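Student: Okay, handing you the structure first.
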Amino acid sequence: MYSGGNAKSLPLVGGGSEPTINQLSNPGRRASRFPKLDVPVSEINNTAIRSDKPRLPEVSEHDLVMHYSRLAHRNFAVDLGFYPLGSCTMKYNPRFADYVAGLDTFANTHPSSPQEFTQGNLQVLHELEEYLTEITGMDHATFQPPAGASGELTGLLIIKKFLNENNLSHKTDIIVPDSAHGTNPASAKMAGFNVVEVSTDSRGMVNIDDLKQLVNNKTAGLMLTNPNTGGLFEENISEISQIIHDADGLVYYDGANLNAIVGVCRPGDMGFDIVHSNLHKTFATPHGGGGPGSGPVAVKSFLREYLPGPIVVKNNDLYEWYTPISSIGRVHGYHGNFLVALRALVYMKLLGKEGLDTLGSYAVLNARYLSSIISKIIPLAYNEPCMHEFVSTVKNLKKSHKIKAYDVGKALLDKGFHSPTIYFPLIVEEALMFEPTETQTVDTLDDLAVTLKDIIDELQGQEVSLESYPKNLPVGRPNELIPAKHLTVNWGDFELLEIIE
Amino acid sequence: MYSGGNAKSLPLVGGGSEPTINQLSNPGRRASRFPKLDVPVSEINNTAIRSDKPRLPEVSEHDLVMHYSRLAHRNFAVDLGFYPLGSCTMKYNPRFADYVAGLDTFANTHPSSPQEFTQGNLQVLHELEEYLTEITGMDHATFQPPAGASGELTGLLIIKKFLNENNLSHKTDIIVPDSAHGTNPASAKMAGFNVVEVSTDSRGMVNIDDLKQLVNNKTAGLMLTNPNTGGLFEENISEISQIIHDADGLVYYDGANLNAIVGVCRPGDMGFDIVHSNLHKTFATPHGGGGPGSGPVAVKSFLREYLPGPIVVKNNDLYEWYTPISSIGRVHGYHGNFLVALRALVYMKLLGKEGLDTLGSYAVLNARYLSSIISKIIPLAYNEPCMHEFVSTVKNLKKSHKIKAYDVGKALLDKGFHSPTIYFPLIVEEALMFEPTETQTVDTLDDLAVTLKDIIDELQGQEVSLESYPKNLPVGRPNELIPAKHLTVNWGDFELLEIIE
Amino acid sequence: MFVPHSEIDLKKMFEELSISSLSDLFTHIPETLKLNEGLSVDPYLSELEAISHFKNLESKNTQDLICFAGGGHYDVYLPHTVKTLTMRPEFMTSYTPYQAEISQCILQVLFEYQSLICDLTDMELANASLYDGATSVAEAISVAINKTKRDNIILSSGFNPNTKEVVNTLVDKNKFNLKYIDLVNYLFPENYQFTDDDAAFVISLPHFEGTAQDLTSIVSNAKDKGVITICYVDPSMLGVLKSPGSMGFDIVVAEGQSMGSSLSFGGPTVGWFATKKDLARLVPGRIIGESRDSKNRKTYVMTLRAREQDIRREKASSNICTNQTLNAIGSTIHLSWLGPQGLYEIGYQAIQKASYMKNQLEIHNIEVLNSSTSLREFLIKTSSPASNVISKMGAHGFLAGIEYDKNSMLVAVTEKRTKVEIDNYVKIFKEVDHV
Amino acid sequence: MFVPHSEIDLKKMFEELSISSLSDLFTHIPETLKLNEGLSVDPYLSELEAISHFKNLESKNTQDLICFAGGGHYDVYLPHTVKTLTMRPEFMTSYTPYQAEISQCILQVLFEYQSLICDLTDMELANASLYDGATSVAEAISVAINKTKRDNIILSSGFNPNTKEVVNTLVDKNKFNLKYIDLVNYLFPENYQFTDDDAAFVISLPHFEGTAQDLTSIVSNAKDKGVITICYVDPSMLGVLKSPGSMGFDIVVAEGQSMGSSLSFGGPTVGWFATKKDLARLVPGRIIGESRDSKNRKTYVMTLRAREQDIRREKASSNICTNQTLNAIGSTIHLSWLGPQGLYEIGYQAIQKASYMKNQLEIHNIEVLNSSTSLREFLIKTSSPASNVISKMGAHGFLAGIEYDKNSMLVAVTEKRTKVEIDNYVKIFKEVDHV
Ligand SMILES: Cc1ncc(COP(=O)(O)O)c(C=O)c1O
Ligand SMILES: Cc1ncc(COP(=O)(O)O)c(C=O)c1O
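Chains as they are written, first to last, in this note's numbering: chain A, 1 to 501; chain B, 502 to 1002; chain C, 1003 to 1437; chain D, 1438 to 1872.
Spelled out as structure tokens, the structure:
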């Protein structure tokens, strides 16, 4: 029996399963109500019109509210506790930004509205562009890319078009570190490039010798994040850029790790030609359970005319849309994730010079401190000072006790902390990647370390069944094979499967 | 170790204790920031000024948000599940009303603003008065009382002043049923009356014979709710009113049970002279964990000039404040819980005639249905058709298995339902009082009944320790003696106690 | 609306009850009482229509008035963070925490609330909220009467007139004497002589007129006579004022609006109530205590329940049942957001800005009646009737203050006001106030 | 700001790291790269100041325009209930549900989302969101290319020009041919001949111009040639339109804004993507599956992960990582709030009101270019340049539509528009549109 008022799925009372909204549906119930039609009825004659009603759940508003509210209690969140997820920058998302993003014409303007009606929105994008280019050391930006990966693709298409226009279309290789995030090679491929991997040296940096070997006249460019995905600052970054530039390639900055260096140094000064920023990381916009983000792309001035258009320009006191002359074309239906961009601007305004100048420093301080205390428990992957995040490894524990990074992550869930990022970067065995961000207190960092020590002790115990972790959560480890094999991706699929089998 | 980022108090991960905000405090941290002072500094010379800073927690905004968000996961709520609490009318609180209550000048007007600046707010109160007097069959209303109990006191003070002005000040007795809510006698006492209890007959109604006996020239009035606290309609209500009126007393309607009769019949037509309504019950405003409510008092026109002032009157197209000539005086600093009143008006507008005409009927339908299926599990206290709520009793189970109403309530918590109201009315032994309200589905009612049956079976088991219920919640039954004896009502008190003992 | 039942549901329920229509539910109600035509109210509005209706109503209020009114309710900055945390659905839509196990959230937040109030006021025991500041004064007087069994209530006259009216309504004047003592030069006379018949001494800090003084010796005089001393304090000034506890008061009450509630046209707000533990059993309203469950886990629970109406009925310490929990939660979260530095800043900036304003007024030959002893709130003299001035200032976008008497008004400055706003105020005041 | 550390905290951390200042953290960074003066940006704003700043910015947008613009984004009523449920902090501030055990909420809601989309469109498998409608079209084309290994893409020209531009950007024109087929009388030619070289057939339902037709036989012709058929559908019309699945399409994509997202100046919204299970392994983005844990409890988990970039890197089906989950949650809750009747009503009322509007326009001698075959959106001819008309209508409080070409504009009507608004529109249009 399923009923909307039964709260047994609440973790508060033990956390059974919550039925789907479809299981709570009963014919004839409804939450919605509309005004009565206030115009005369005419006959609708069109072959595309259906004669029956669409298939949708039928629930009362109270059942609807209870269902989604109960579900909300079945998730971790930045508002609930610490997510030390490396590469994700799970910092506090200021509630004040929600307020601004809710202001009427920010939230409710149609994207086709002409610029004369939307001067405020254009100014938002313009102000944000100024902050972003100052922070990254670039000259111009587009806000169309809705996420980092889209920013990468945008940047790569700019490289491609730039090379084409300069008769360098034989340049087909994009070099990507073996430690790079998966989106880098995937984006390069989507942009029509070949992906060439450069290796990482024993210190955890781009292997310069290898790079020199790989660079040739087919080299279109290099994608890099600095600090790199190991959390280490590429000290030879200027040389690296030079190598690529000498080969007439362009250098692309994956901004996922920008939080480490805001106010400290700038990609533009390191030789990068194109930079994307993940506003949902560095600039504190909420992750939304997986999205939306915003991945604006900033370029040096020689690339401005390749940006997806239109971009905002200021003309006396008027903000105008301008389409760059050699634009690669749009990468989003309208202006990208405008409300996310707005939140980022709010964050920057609240930080101001005082906060932005020290942002990277505090992010690094927290990570360096955490790495210092955690390195007393499990070893670091690289013996170098970390920036805003660091990678530890449990490869020894795997050898000695079969304890994998995966197991450590699961056990941590039980103790009130989200797992760190695991198995990334791929080049580190049994990697645990920690990124505390600057918004956690030192107490929380200490607590995480103590807790990590406790669970590692616990997992090494005699009778421990690693698979039984997590133990405290409403569900344990899912069987991942069933959905992959049987495509139980739709309500009814699993039940059907049970009947068949 | 306490840390803001540790989420182990979340029921999601097992639900340990959440530290207090004080335990998360560390000197020098802060969430707030203000603009720099933009006026020249002057010296402050006043003997009342302190030289040190006040004692308050010092926390970051992220820690603040995590703490209160985690706590929010440790509570039941109307948005999470079914509260079958008799006498409380825990119906769905429309989210749409939140929107209206948030509109700028509704939410942010200073209460001293003159009427010329607040015509909208005055119109809100005026429109609501019209609805409320129509629904209750009365003539005029005040919105000052912030809750039902305050409404009772207001009504009783009106009775007192009315009697005084009519040279009936020898009338000092207020008659209250033995089944009445505690606020009734408490309010009567606060208003300076003697409380006289009238008994309940075997059918669960006011014992008319007893009433006749009790009524005499000292009778100032009678307080009654109809349906009464047993959920039964006082069929002889007209006769009862007559008896009191014949003795020159007034009849007061406790509106806590108004939900049963909206659109069905009206207190004004039953002979009641004064009515309070609990907007937080009948009119769907949220209970807020215990308040705020709103307890407007409506009267027949002969009592209008006794109302607390000012009240709103409409003069042509202008809304004005008017202070009744013989007003008992204010019972609230300003206009009562205005935003709660506004939400009630929103609810009434959304219901309209269609919804209000059937409101009581659906509330009774749900209760009658639930009583029908629950009476197959445990007996009803009275063998009469219930209105919007009903009282069951487990006195037999107490005799046979020592199972008390208290135990049944606790066991229900484990299963995803809030407990019904227990031990009320006081005249029913081991009472369980169920009020489903009209916003629960029939599935939920069925589910509650099935669950009740299950737990009653379970509690009768051999090895059951009743005290161990609830079992699934983050905490079990509290030791109620410690705080009562040692007054551990402040942080530090308990720790001090532990040190001392 | 909000009734979930489909035709199928109704059929099922009707069958269980052997009825064929809703009206069959009411055969036991006398026909004469039944509404045959139903209620005479308008048809329902869909949400879309209701938006128009209520936006229209709202637009009838004067928009965007810059607030210089106070008198107990202050336009203090209420952060979105505090507002949205307070309005979390679990806080908003839960019931009174009678079932402790499933209500640890509300119980803990209220326990924190009580503790914060005690810390701030230097008291030992606070309750979990009363209706508002005005009714809290009346409740405090009632405690004093019950404690002392005396009949005289000595009140400072420096109270919001509405508060006095509430006290007059709620205290039984047949049994008790309310004696208002005038302020002298806007201060309470230091040498006021209390007597053995006095049950309570009630005073506002600052006075309604905005002036403030150290009350230690007056309190001590009162206590010498066995009088229960009651302080009504402005919570938003507690960052700069000596605490009532440090001045020796027995009971502290407050209008808590400025801490966590929007102005709300006066309600819902919250009445704070704190006292010493020896008065515990006379305290009105709910009190949360800390305890342990059988597994020794921290557990909060409502305590000293034998004072309350549901148990003690006519012998209860008060009739209060539904209180202002959500607003108390607002106070808790707001105070925690502010911290010592923030609360200080609110008070400090308000006083500084008020100083500046008084200065500017005086420079422009507008008379401030209590310039030197007032803090963030003060009286100014008007040439034309104060109500006219307020009315005219409204047309210029200011809520200029509260009419104090025919030719004076009470002006309050909060930390939100800016120099520009103050300068404009003074300029426009000068323009509109002439005879 | 938002950094919690006190002086004491810093001291402790500095000691652990044996440093004496923040700059000591960066000794390994080449001096030449360091910012010595810091960034040249303005000092911080407190929240109070930021409110002024952003309210001022917001006020520079024209206020209260009544929206008759569409083209993919529609002014459909978004209930407060849906908005506030979607914005619950647990939805808003959680991360991608990689750790399934602690993410059952996001996983279940996304599973419901996928199922709802499939139910509505008559498809078998939906992903957990793409960026927006336009990029979804490009992703769908990419699936078709990967499936068929063919080079020609046949697209209806009846698409929002922005969508076409996005497709042009994202599809590699060196490798693939984009062939746009003109509409004839605003309909796609029924007898269009597909070839064996065609990878995909892509069409919008309704067409960008607002017209609609049953596409069953066209789809069937395409499928006869092994072409992958892709329907870009307007979700807010799915209550009245035949479902793409019932017309035989292989892939359905949509701009999901009108279901659960406010207009937001175009973003964030959500791209819907649904298809048949036989294309499962080519699908871009995340997919949630239902499974069980070892105790046989229902457990949702991300599945078919071997398509994704973090595992497959350059061999992934797409580079998408961060998607539009929160907007997908919005769609889920909005659709559940609407139910079959509500979604029907949105479409039905929009069409009826558009009919009325077309009628009124024609009565007033304003030419509607595609009156008979259009549904809720249609083209009107302007005498003066359309952009001038839109500009002038703005001054009267209307967002009149989207410029279609120099002398015509696309007008959309939603269920929110009222007879009064339509009548006023027509009246004012008549006034402002002259040569
Ligand atoms: C290093 C790195 N690069 C790129 C990305 C992709 O960014 P997005 O998820 O915004 O598309 C991520 C995201 O996790 C990342 O960590
Ligand atoms: C029958 C009855 N009367 C009076 C009251 C008191 O109302 P309030 O809590 O609003 O003061 C209640 C509240 O529970 C009640 O149930």
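C-beta: ideal position from N, C-alpha, C; glycine also. If you're wondering where the values come from, they're calculated on a predicted model, not measured in any experiment.
For the beta strand (DSSP E) holding D/Tyr1617, just list the boundary residues, first then last.
Tutor: The count along the fourth sequence starts at 1 and reaches residue 1617 of chain D at position 180. Looking at the DSSP string, the run of the beta strand (DSSP E) that includes D/Tyr1617 is 1614-1618.
Student: Shorter than 9 Å from the beta carbon of A/Phe283 to some beta carbon of chain C?
Tutor: Residue mapping note: residue 283 of chain A aligns to position 283 of the first sequence, counting from 1. False, the Cβ-Cβ gap to chain C never drops below 9 Å.
Student: Are at least three pairs of beta-carbons, each pair with one atom in the segment 1199-1214 of chain C and one in the segment 1151-1159 of chain C, less than 8 Å apart?
Tutor: Result yes; three or more Cβ-Cβ pairs closer than 8 Å.
Student: Can you name, in chain order, every residue of its own chain whose Cβ lies under 6 Å from the Cβ of A/Gly16, other than the five neighbours on each side?
Tutor: As a working note, residue 16 of chain A is residue 16 in the first sequence. Cβ neighbours of A/Gly16 beyond the five flanking positions: Lys8, Ser9.
Student: Just to confirm, are B/Asp858 and A/Met1 a CB contact at a threshold of 9 Å?
Tutor: Mapped onto the second sequence, residue 858 of chain B falls at position 357. Mapped onto the first sequence, residue 1 of chain A falls at position 1. No, they are not a contact pair.
Student: Could you compute how far the alpha carbon of B/Ala799 sits from the alpha carbon of B/Ser778?
Tutor: On the second sequence, position 298 is the one that residue 799 of chain B refers to. On the second sequence, position 277 is the one that residue 778 of chain B refers to. One C-alpha to the other measures close to 8 Å.
Student: Which residues of the segment 35-50 of chain A have a Cβ closer than 9 Å to any Cβ of chain C? Give them in chain order.
Tutor: Of all residues in the segment 35-50 of chain A, Pro35, Lys36 have a Cβ within less than 9 Å of some Cβ in chain C.
Student: Under 8 Å: does the beta carbon of D/Cys1758 sit that close to some heavy atom of ligand 1?
Tutor: Here residue 1758 of chain D refers to the residue found at position 321 of the fourth sequence. Yes, since a heavy atom of ligand 1 falls inside the 8 Å radius drawn around the Cβ of D/Cys1758.
Student: Taking Cβ positions, are D/Glu1561 and D/Thr1769 nearer each other than 9 Å?
Tutor: Looking up residue 1561 of chain D in the fourth sequence gives position 124. Looking up residue 1769 of chain D in the fourth sequence gives position 332. No, the pair does not count as a contact, with Cβ atoms beyond the cut-off.
Student: Kindly say whether A/Asp246, judged by its beta-carbon, lies nearer than 9 Å to any beta-carbon of chain D.
Tutor: Within the first sequence, numbered from 1, the residue matching residue 246 of chain A stands at position 246. So, not an interface residue.
Student: Once DSSP output is grouped into helix, strand and coil, what is the label at A/Pro478?
Tutor: Locating residue 478 of chain A in the first sequence gives position 478, counting from the first residue. Correct three-state label for A/Pro478: strand.
Student: Using the C-alpha atoms, what's the distance from C/Met1089 back to C/His1082?
Tutor: For the purposes of this step, residue 1082 of chain C is taken as residue 80 along the third sequence, with counting starting at 1. For the purposes of this step, residue 1089 of chain C is taken as residue 87 along the third sequence, with counting starting at 1. Rounded to whole angstroms, C/His1082 to C/Met1089 spans 10 Å at the Cα level.
Student: Is A/Leu307 near A/Ile403, with beta carbons less than 9 Å apart?
Tutor: Within the first sequence, residue 307 of chain A is the residue found at index 307, counting from 1. Within the first sequence, residue 403 of chain A is the residue found at index 403, counting from 1. No, Cβ-Cβ distance for A/Leu307 and A/Ile403 is not below 9 Å.
Student: In whole angstroms, what separates the C-alpha of B/Glu939 from that of B/Phe607?
Tutor: On the second sequence, residue 939 of chain B is found 438 positions in, with the first residue counted as 1. On the second sequence, residue 607 of chain B is found 106 positions in, with the first residue counted as 1. Roughly 29 Å between the two C-alpha positions.
Student: Say whether chain D places a C-beta atom closer than 9 Å to the C-beta of A/Ile237.
Tutor: For this step, residue 237 of chain A is matched to residue 237 along the first sequence. For A/Ile237, the answer is yes, since a Cβ of chain D falls inside 9 Å of its Cβ.
Student: For B/Gly837, verify whether its CB is less than 8 Å away from any heavy atom of ligand 2.
Tutor: Taking the first residue of the second sequence as 1, we reach residue 837 of chain B at position 336. Answer for B/Gly837: no, Cβ out of range of ligand 2.
Student: Looking at C-alpha atoms only, which residue of D/Ala1563, D/Ile1817, D/Glu1444 is the closest neighbour of D/Ile1725?
Tutor: As a first step, residue 1725 of chain D is located in the fourth sequence; it is residue number 288 there, counting from the start. Ranking the options by Cα distance to D/Ile1725, first place goes to D/Ala1563.
Student: Please decide whether B/Pro528 counts as near chain D, where near means a Cβ-Cβ distance under 9 Å.
Tutor: Here residue 528 of chain B refers to the residue found at position 27 when the second sequence is read from its first residue. Chain D, which has a Cβ nearer than 9 Å to the Cβ of B/Pro528, makes this yes.
Student: If the cut-off is 7 Å on Cβ atoms, which residues from the segment 1029-1054 of chain C count as contacting chain D, listed in chain order?
Tutor: Residues passing the 7 Å Cβ filter: Glu1049, Leu1050.
Student: Going along the segment 1769-1795 of chain D in order, which residues come within less than 9 Å of chain B, judged by CB to CB distance?
Tutor: If the cut-off is 9 Å between Cβ atoms, the segment 1769-1795 of chain D has nothing near chain B.
Student: Answer yes or no: does any C-beta atom of chain A fall closer than 9 Å to that of D/Arg1723?
Tutor: Counted from its first residue, the fourth sequence places residue 1723 of chain D at position 286. Closer than 9 Å: yes.
Student: Have a look at A/Val251, A/Pro185, A/Gln115 and flag the residue whose alpha-carbon is nearest the alpha-carbon of A/Val215.
Tutor: The count along the first sequence starts at 1 and reaches residue 215 of chain A at position 215. Minimum Cα distance to A/Val215 is reached at A/Val251.
Student: Could you please give me the residues that DSSP links to D/Arg1729 through a beta bridge?
Tutor: Position 292 of the fourth sequence, counted from the start, is the residue given in the question as residue 1729 of chain D. Paired residue(s): D/Lys1735.
Student: Have a look at D/Thr1600 and A/Gly333 and give me their C-alpha separation to the nearest angstrom.
Tutor: Your numbering for residue 1600 of chain D matches position 163 in the fourth sequence. Your numbering for residue 333 of chain A matches position 333 in the first sequence. One C-alpha to the other measures close to 6 Å.
Student: So which residues on chain A does C/Ser1008 lean against when the C-beta distance must stay under 8 Å?
Tutor: Translated into positions along the third sequence, residue 1008 of chain C becomes position 6. Per Cβ cutoff of 8 Å: Asn26, Pro27, Gly28, Arg29, Glu58.
Student: Is it buried or exposed, C/His1366, if we count other Cβ atoms within 10 angstroms and call 16 or more buried?
Tutor: Looking up residue 1366 of chain C in the third sequence gives position 364. Exposed: under 16 other Cβ atoms inside 10 Å.
Student: Looking at chain D, which residues of the segment 1079-1108 of chain C have a Cβ within less than 7 Å of any of its Cβ atoms?
Tutor: The segment 1079-1108 of chain C vs chain D, Cβ under 7 Å: Tyr1079, Pro1081.
Student: So is B/Arg704 buried or exposed if we call it buried at 16+ other beta carbons inside 10 Å?
Tutor: Taking the first residue of the second sequence as 1, we reach residue 704 of chain B at position 203. That one is exposed.
Student: As a quick exercise: from A/Val408, A/Ile328, A/Thr441, pick the residue whose alpha carbon is nearest that of A/Pro470.
Tutor: Looking up residue 470 of chain A in the first sequence gives position 470. Out of A/Val408, A/Ile328, A/Thr441, A/Val408 has the C-alpha closest to the C-alpha of A/Pro470.
Student: Are C/Thr1301 and B/Asn973 touching if we call contact CB-CB under 9 Å?
Tutor: On the third sequence, position 299 is the one that residue 1301 of chain C refers to. On the second sequence, position 472 is the one that residue 973 of chain B refers to. Contact: no.
Student: For a contact defined as C-beta to C-beta under 9 Å, what are the partners of B/Leu572 on chain D?
Tutor: Working through the second sequence from its first residue, we reach residue 572 of chain B at position 71. Under the 9 Å cutoff, chain D gives no residues; its nearest Cβ is about 13 Å from B/Leu572.
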